[in-house]
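Notes for the one structure printed next.
In our numbering, the protein residues as written are 387 to 466.
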């Protein structure tokens, strides 16, 4: 269920970044902050388990950042 939520948020963020690039920064930072909190909580587990529990949050945070920057980059390349 979390995977579907992250994918849906990435799509919404990419569209928002394309339409209004300045207003997309705050939701992107909020999502990355929330996912960072989950990553830090998961990494407190000992050893290999900590790395395994924090990895989905790290990759989701990276995906949110990429989708936001991709929307802003596409908007920047428009001819007008």
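Don't be surprised by glycine CBs; every beta carbon is placed ideally from N, CA and C.
C-beta contact flag for residue i and residue j at 8 Å
i, j, result
"residue 410", "residue 451", "no"
"residue 417", "residue 395", "yes"
"residue 461", "residue 404", "yes"
"residue 446", "residue 423", "no"
Straight-line gap, residue i to residue j (C-alpha atoms, nearest Å)
i, j, result
"residue 399", "residue 454", "6 Å"
"residue 406", "residue 432", "42 Å"
"residue 465", "residue 401", "18 Å"
"residue 393", "residue 387", "10 Å"
"residue 408", "residue 419", "18 Å"
"residue 444", "residue 430", "14 Å"
"residue 441", "residue 412", "24 Å"
"residue 435", "residue 463", "43 Å"
N- and C-terminal bounds of the alpha helix (DSSP H) containing residue i
i, result
"residue 441", "433-462"
"residue 426", "411-428"
"residue 390", "388-405"
Cβ neighbour criterion (16 or more within 10 Å) applied to residue i
i, result
"residue 390", "exposed"
"residue 425", "buried"
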